[in-house]
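See structure below.
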Amino acid sequence: MESSIPQIIVILLVGFLAGTICRVCRIPILPGYVLAGTIIGPSGMCLIGPGNQIEWLAEIGVVFLLFAIGIELSLEELRRSWRQCLSIGTIQVGFCLLVVAVLCRLLGFEIGTAIVVAMSVAVSSTVIVFRALTEWGYTAHPAGRRAIGILLFQDAAILPIMMWSAAIQRHGVGASSFAISAILLTIPLILAIPLLRLVVAHWIVPRLGRLRSTEIAVLFALLVLTTFGYVSHLLNLPVALGALAAGLVLNGNRMTKQLDALALPFRETFGAIFFISLGAYLNLDKLHEVTLGTLILCLLCLPAKAASLVVALRWSGLPWRSAVGLGAALLQMGELSFLLLWNGRQSGIVSGGLYNALMLVAVATLMATPILVYWGFRLVRGSVLEGQPNRRPGGESQLRKVVLIGAGPMGGHIAAYLETLGMDVCLIDQSPVNLQPFAQQGFRTICGDGRDTDVLQRAEILDATMVVVCVPDDSVATAIVKTARQLNPQATIIARCRYQSHRIALERAGANCIIVEEIEAAWAVQRFLQGL
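Heads up, the working numbering is the position in the sequence shown plus 1, with the first residue counted as 1.
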């Protein structure tokens with residue numbers, strides 16, 4: 002462990018610098034982590050190299066990331082559309098597996114290699130796509146529900162392949178016999194999750210709530226997480242999949258929000274280590290070992306996956322434009338792809354040259370994902386607007402839209418009240434912690450800066466009848482009001498103002514109603530004094 006401490010320090014320092022640079026330059030942070038890992042890895046400055054301790058920390062990152070995904074998922078939404086999710090997931094994964102496996106066989110790869118490669122290509126990034134859906138406010142959108150359904154089906158479909166690969170590495174078990182046993186073991190595990198979720202929500206959580214102890218609640222969550230991780234390890238599965246199951250078990254009860262907030266710092270920290278480690282795993286010096294067949298396979302596997310995504314999404318009823326856009330957002334190879342390729346390399350199923358080439362493709366798709374997500378979701382949004390031609394800026398609709406910027410205590414109370422009035426509220430905030438409770442309650446939420454035109458457009462401000470600005474900084478509030486007024490001249494804009502001296506600036510920016518905290522506080526004191 003002591004020999005790994007300098008490498009851990011380097012990873013944390015580089016992560017801090019890369020994250021800061023990305024935030025200042027306003028570019029996606031995850032590709033910055035991967036690029037930073039490549040620079041300090043064996044192919045760059047050789048400051049770190051893949052080792053047992055670094056791999057262990059990276060795996061912890063995946064564990065916390067998937068644990069958070071399990072906590073944040075709305076199983077009620079999936080339960081209502083599970084048949085559709087099952088069908089489109091089967092089409093996407095089956096189509097991609099068939100095409101890529103046939104390509105592998107035609108190029109001379111063995112059947113075991115073809116299966117591992119095809120499955121690693123078929124799987125997308127649950128963490129990145131779910132985060133993007135949350136930031137764009139699409140988790141409750143029909144396209145978002147389809148995307149989440151595909152992601153969950155991919156994670157479940159990879160289980161037998163992962164178990165088969167691990168068994169070959171340990172015991173040399175044949176593919177056909179182990180595939181059957183893997184499926185038989187996976188089915189009861191999946192069926193046990195809803196049952197355990199009910200037990201936790203209706204029996205354990207109420208008793209923990211009476212104790213009123215944050216420490217005991219955290220210990221219970223860690224117990225569930227480590228137990229599921231250990232069971233996954235015993236079944237030759239990635240521990241990260243056990244973490245996803247643990248998150249699903251702890252989902253949907255009154256402790257969920259608290260546990261998610263407590264896990265957030267660990268999730269972000271170890272997630273950064275994971276993506277930096279991915280860059281360090283790349284060994285560009287060995288790309289000369291890549292054969293012509295491997296190069297052809299890498300060039301054709303992504304078009305095959307794109308075709309499978311578009312076909313499945315189009316079959317589910319999405320318009321072509323939405324299907325293409327959502328397919329672009331799901332095009333990347335995911336976290337479990339790396340684990341599957343790594344296990345395949347360790348067991349000898351995947352050769353060194355093929356492993357390095359596919360890892361390079363996987364990292365490249367991750368780095369391109371923010372751009373693909375941006376343009377893909379714009380296509381999805383454009384398709385939605387085209388499908389509703391009667392909607393117009395500031396026009397009347399059956400359900401009035403409200404955009405609320407600032408999800409703090411004040412914004413939270415206002416959002417809850419507006420919902421009781423039957424309004425469609427979309428919340429914008431720069432803190433995912435502030436937004437998480439509202440997302441779990443079914444609100445549309447977007448993580449971003451309210452001064453950003455693109456963020457406001459994602460919130461569908463053009464269709465909003467009202468905009469409420471509840472940020473605590475008057476200068477920021479003025480900039481938000483000005484941008485909102487330029488985008489939607491007809492909307493009613495209500496702004497929070499801390500100091501009376503800033504009221505004129507907000508009026509000039511375009512606010513219709515300004516609530517000044519100084520004046521409201523003075524009136525409250527006056528009313529109190531009058532009652533003495």
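Backbone N, C-alpha and C define an ideal beta-carbon position, used for all residues, glycine too.
Contacts around residue i, its chain only, beta-carbon distance under 8 Å, and the 5 residues preceding and following it disregarded
i                 : result
methionine 46     : Ile40
arginine 504      : Cys498, Ile515 and Val517
phenylalanine 439 : Ala408, Gly413, Ala416, Leu428 and Thr446
Whole-angstrom distance between residue j and residue i, CA atom to CA atom
i              : j                 : result
proline 207    : threonine 257     : 12 Å
arginine 552   : serine 121        : Outside the shown range of the chain (2 to 533) lies residue 552, about which nothing can therefore be said.
leucine 303    : leucine 332       : 7 Å
serine 317     : phenylalanine 131 : 20 Å
alanine 218    : glycine 253       : 15 Å
isoleucine 191 : glutamate 519     : 56 Å
glycine 42     : isoleucine 277    : 9 Å
threonine 114  : phenylalanine 68  : 30 Å
cysteine 448   : glutamine 491     : 25 Å
leucine 235    : glutamine 431     : 40 Å
alanine 507    : glutamine 437     : Per the sequence shown, residue 507 should be read as leucine rather than alanine. Computed Cα separation, rounded: 29 Å.
leucine 367    : isoleucine 494    : 39 Å
arginine 392   : alanine 308       : Residue placement at arginine 392 is poorly supported in this model, since its pLDDT is 41, which falls under 50; the coordinates are not used for a value here.
isoleucine 406 : proline 7         : 42 Å
lysine 483     : leucine 310       : 40 Å
glycine 511    : alanine 496       : 10 Å
arginine 147   : leucine 197       : 25 Å
valine 103     : serine 323        : 28 Å
glutamate 535  : phenylalanine 154 : Shown here, the chain extends from 2 to 533; a query on residue 535 therefore has no answer.
alanine 465    : histidine 142     : 17 Å
Reference residue i; option with closest CA among the options
i                 : options                           : result
glycine 354       : Val118, Val472, Gly243 and Val240 : Val118
valine 426        : Ala148, Leu212, Ala460 and Phe68  : Ala460
leucine 226       : Val64, Arg445 and Leu457          : Val64
alanine 329       : Ala313, Val434 and Leu342         : Ala313
leucine 87        : Asp453, Gly150, His234 and Leu220 : Gly150
leucine 13        : Val25, Ser44 and Leu48            : Leu48
tryptophan 137    : Gln8, Tyr500 and Gly451           : Gly451
valine 351        : Leu152, Leu99 and Gly109          : Gly109
aspartate 156     : Gly16, Pro195 and Val128          : Val128
leucine 296       : Ser323, Phe271, Met360 and Trp321 : Met360
valine 94         : Leu104, Ile61, Leu152 and Arg84   : Leu152
isoleucine 194    : Cys299, Gly90, Gly349 and Ile72   : Ile72
phenylalanine 267 : Gln531, Ala522 and Leu66          : Leu66
Counted within 10 angstroms of its Cβ, other Cβ atoms place residue i as buried (16 or more) or exposed
i              : result
isoleucine 274 : buried
tyrosine 418   : exposed
aspartate 455  : exposed
tryptophan 524 : exposed
glycine 443    : exposed
serine 125     : buried
valine 381     : buried
tyrosine 356   : buried
valine 526     : exposed
cysteine 471   : buried
leucine 18     : exposed
Residues near residue i in its chain [Cβ-Cβ closer than 7 Å; skip 5 each side]
i              : result
leucine 279    : Val35, Gly38, Phe339 and Val364
isoleucine 462 : Val404, Val468, Ala485, Leu488 and Asn489
alanine 222    : Leu251 and Leu260
glycine 230    : Val64, Val240, Gly243 and Ala244
tryptophan 321 : Arg315
glycine 377    : Gly326, Leu327, Ala329 and Ala330
isoleucine 116 : Ala102 and Ile162
Nonlocal neighbours in the same chain, by C-beta distance under 6 Å from residue i, ignoring five residues either side
i             : result
isoleucine 30 : Gly20 and Cys23
leucine 134   : Thr140 and Gly145
arginine 528  : none
serine 177    : Low confidence applies here, because serine 177 scores a pLDDT of 49, under 50, leaving its location unreliable; read the following figure in that light. Correct list: empty, nothing qualifies.
lysine 306    : Cys97 and Val122
Whole beta strand (DSSP E) elements within the region 294–379, 3-residue minimum: none
Sequence ranges, beta strand (DSSP E) only - wholly within the region 462–519, length at least 3: 467–470, 493–498 and 514–517
Whole alpha helix (DSSP H) elements within the region 204–284, 4-residue minimum: 206–212, 215–235, 240–250 and 257–282
Continuous alpha helix (DSSP H) assignments of at least 4 residues falling wholly in the region 83–137: 83–107, 112–123 and 127–137
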